[in-house]
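Heads up, the final residue of the sequence shown is numbered 661 in my numbering, and it's a clean run with no missing numbers.
All C-beta atoms in this analysis are idealised placements derived from N, C-alpha and C, irrespective of residue type, glycine included.
Note that the coordinates shown come from a computational prediction; the quantities given were computed from them, not determined experimentally.
First comes the structure, then the notes that go with it.
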Amino acid sequence: MSLDHTAPNDLSAFWMPFTSNRQFKKNPRMFVSADGMFYKTADGRDVLDGTAGLWCCNAGHNQPKIVEAIQKQAGELDYAPAFQMGHPKAFELATRLCDMAPAPFEHAFFTNSGSESVETALKIALAYHRARGEGTRTRLIGRERGYHGVNFGGISVGGIVNNRKYFGTLLNGVDHLPHTHLPDQNAFVKGQPEHGAYLAEELERIAALHGPETIAAVIVEPMAGSTGVLMPPKGYLERLREICTKHGILLIFDEVITGFGRLGSSFAAEHFGVMPDLITCAKGLTNGVIPMGAVLATSDIHDAFMQGPEHMIELFHGYTYSGNPIASAAGLATLDTYREQALFERAAELAPYWEEGLHSLRGLPHVIDIRNMGLIGAVELEPIAGEPTKRAFQAFLDCYDKGVLIRTTGDIIAMSPPLIIEKSHIDQLFGTLATVLKGLD
Ligand SMILES: Cc1ncc(COP(=O)(O)O)c(C=O)c1O
């Protein structure tokens with residue numbers, strides 16, 4: 221099948237993820253190449269990447285250093301067993317990643333996706349307490365509207381109903397904090413909202429209900445992305461940190477979206493000045509080019525496992541492709557690219573221009589809220605009565621027709637461009653969206 225062949229029968233074999241398969245296959249949207257800020261469609265149109273793929277191509281597309289590193293690595297060492305064997309680039313990448321991360325993070329465990337990073341972090345948290353003789357700590361606390369990938373641990377601590385309700389009873393012993401979205405008080409706020417730090421106190425209530433000594437970890441996205449871009453209220457993350465520390469509960473930041481410059485710093489932990497005990501990441505680690513994720517751990521956590529006879533495996537966990545050579549090469553080239561092109565700094569510099577352009581959409585038809593931070597923005601639309609998600613999905617289709625890629629979740633439009641974006645692209649993105657919003661039913 222050629223890539224531009226769109227006959228429906230040829231498309232039926234691929235059951236597409238998180239896609240309205242029937243709608244797509246009637247009118248497919250195919251990308252066939254990408255360079256810099258733009259995709260090229262099968263029918264030869266340029267489409268501005270307003271979403272960095274799926275929040276992952278932070279350095280834009282077709283970065284020469286990354287392409288070259290992958291090609292070279294494939295011819296040099298294509299695969300090495302991940303268990304009881306090593307290869308130099310995985311060690312180098314772990315060191316480089318920890319150097320880039322805030323100070324307490326000194327160890328990296330490699331995975332292949334954000335979902336696997338989440339499962340890994342939850343398992344490390346449980347096993348850590350057990351290794352220290354606190355095996356009563358088996359509960360995991362997530363948050364309403366949280367997104368932590370699609371595996372069973374992640375959907376159990378996650379808080380998006382459609383990702384949970386079809387899949388049985390999920391993990392036992394999970395509870396949820398309330399989400400932090402307070403539209404009545406915080407609508408159209410730029411950056412972090414003032415109201416809502418008190419919602420962190422719910423952790424005290426949950427700890428009192430279950431007994432703090434039964435809780436292993438709390439996992440939150442420092443800024444909730446996939447649920448529609450929800451900012452942490454001022455003081456909220458700080459208060460979560462305090463309560464976790466008080467009760468000996470590990471705090472996990474799921475930084476699968478917020479890592480690698482999205483907010484203008486390496487990680488959100490650095491941006492907010494709040495240090496968790498574990499960080500999950502993926503996506504931007506390899507610029508989305510090759511699947512790879514990681515869990516970053518403090519020495520305190522890592523060292524708790526380094527006991528017992530030396531020939532024994534310390535953590536019974538890992539993947540065939542943990543630290544895969546080609547992924548490691550891609551990761552190293554990606555970190556080089558971020559540094560050499562100063563992309564995190566660039567994101568911080570452009571953030572005010574981004575914020576201004578985004579908030580200029582206020583007052584357009586159906587817009588009920590706008591939220592932003594770093595190079596992330598969301599525009600929330602009033603849903604069509606009785607047909608939730610339809611209006612935003614129409615905006616997505618119309619933007620695509622006009623050469624701009626946005627993303628929608630529910631009736632929220634989310635945008636997170638590659639950090640190489642120019643001001644002219646920002647103008648194009650918000651200009652196109654404004655035109656589309658004005659034309660929506
Ligand atoms: C915060 C967060 N965690 C986990 C994931 C899952 O990552 P993946 O799709 O690579 O499994 C995502 C994906 O968007 C995410 O945003």
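Would you kindly work out how many angstroms separate the C-alpha atoms of residue i and residue j, rounded to a whole number?
| i | j | result |
| --- | --- | --- |
| I646 | G577 | 7 angstroms |
| A254 | Y620 | 15 angstroms |
| L639 | K503 | 14 angstroms |
| V509 | S542 | 16 angstroms |
| A428 | A549 | 47 angstroms |
| L581 | R365 | 25 angstroms |
| G651 | L274 | 21 angstroms |
| Q412 | L653 | 24 angstroms |
| A598 | Q405 | 17 angstroms |
| L460 | E421 | 8 angstroms |
| T500 | R316 | 16 angstroms |
| K658 | I546 | 46 angstroms |
| L302 | V438 | It should be noted that the sequence gives Ala, not Leu, for residue 302. Roughly 29 angstroms separates the two Cα atoms. |
| E458 | T447 | 22 angstroms |
| H233 | S240 | Before going further, note that residue 233 is Ala rather than His in the sequence given. Roughly 14 angstroms between the two C-alpha positions. |
| L342 | G264 | 44 angstroms |
| M221 | L231 | For M221, the pLDDT reaches just 44, beneath the cut-off of 50, and the residue's location in the model is therefore unreliable, leaving the point undetermined. |
| I641 | N371 | 33 angstroms |
| S519 | A314 | 14 angstroms |
| R611 | D589 | 15 angstroms |
| T389 | G373 | 11 angstroms |
| D523 | V515 | 15 angstroms |
| Y539 | I435 | 27 angstroms |
| T356 | I344 | 15 angstroms |
| P248 | A605 | 27 angstroms |
| E560 | I477 | 21 angstroms |
| L660 | P608 | 14 angstroms |
| R566 | A272 | 15 angstroms |
| I426 | L397 | 8 angstroms |
| F613 | P529 | 56 angstroms |
| E312 | R242 | 44 angstroms |
| M512 | L552 | 12 angstroms |
| N544 | P403 | 44 angstroms |
| K245 | L617 | 14 angstroms |
| F251 | I533 | 44 angstroms |
| R352 | E296 | 42 angstroms |
| A331 | T465 | The sequence given here places Thr at residue 331; Ala does not occur at that position. T331 and T465: Cα-Cα distance of roughly 27 angstroms. |
| E602 | L584 | 11 angstroms |
| A298 | L563 | Reading off the sequence, residue 298 comes out as Asp, not Ala. One C-alpha to the other measures close to 29 angstroms. |
| C318 | T358 | 28 angstroms |
| D479 | L505 | In the sequence under discussion, the amino acid at residue 479 is Gly, which differs from the Asp named in the question. Those two C-alpha atoms are separated by around 8 angstroms. |
| E354 | H579 | 49 angstroms |
| Y204 | H399 | Not covered by the structure: residue 204. The range shown for the chain is 221 to 661. |
| R350 | I521 | 11 angstroms |
| Q283 | F408 | 35 angstroms |
Which partner residues does residue i have in the DSSP bridge list?
| i | result |
| --- | --- |
| C501 | A514 |
| N592 | G597 |
| G256 | H281 |
| F325 | T518 |
| Q396 | Before going further, note that residue 396 is His rather than Gln in the sequence given. DSSP lists G362 as partners of H396. |
| V440 | F473 |
| F330 | A514 |
| F487 | Per DSSP, none; premise fails for F487. |
| F251 | T261 |
| V624 | L268 |
| E607 | I604 |
| V587 | L601 |
| T340 | T340 pairs with nothing; no bridge assigned. |
| M635 | G597 |
| T629 | I632 |
With 8 angstroms set as the bound, which would you pick, yes or no: does the beta-carbon of residue i sit closer than that to a beta-carbon of chain C?
| i | result |
| --- | --- |
| G594 | Of the chains in the structure shown, none is chain C; there is only one protein chain. |
Looking at C-beta atoms only, is the number of pairs between the stretch 480-490 and the stretch 311-322 that lie closer than 8 angstroms three or more?
In short, these stretches touch, since the Cβ pair count reaches three.
Closer than 8 angstroms is the cut-off here; do at least three beta carbon pairs connect the stretch 540-556 with the stretch 282-291?
yes
Pair every Cβ in the stretch 391-409 with every Cβ in the stretch 427-444, then say whether three or more of these pairs are closer than 8 angstroms.
yes
Sequence ranges, alpha helix (DSSP H) only - wholly within the stretch 262-302, length at least 4
272-275 and 284-296
Between the stretch 441-448 and the stretch 335-346, can you find at least three pairs of beta-carbon atoms closer than 8 angstroms?
no
Do the stretch 414-422 and the stretch 446-457 make contact, defined as three or more Cβ pairs closer than 8 angstroms?
Three or more Cβ pairs closer than 8 angstroms define a contact, and the stretch 414-422 meets that threshold against the stretch 446-457.
Between the stretch 460-477 and the stretch 492-507, are three or more C-beta pairs nearer than 8 angstroms?
yes
Three or more C-beta pairs closer than 8 angstroms, one from the stretch 595-609 and one from the stretch 623-642: is that the case here?
yes
If we require 4 or more residues per run, which alpha helix (DSSP H) segments fall completely within the stretch 406-442?
422-430
Check whether the stretch 351-363 and the stretch 377-384 are in contact - that is, three or more C-beta pairs closer than 8 angstroms.
yes
Enumerated in chain order, which unbroken segments of the alpha helix (DSSP H) with a length of 4 residues or greater are wholly contained in the stretch 529-572?
Assignment of alpha helix (DSSP H) within the stretch 529-572, counting only whole runs of 4 or more residues, yields 545-560 in chain order.
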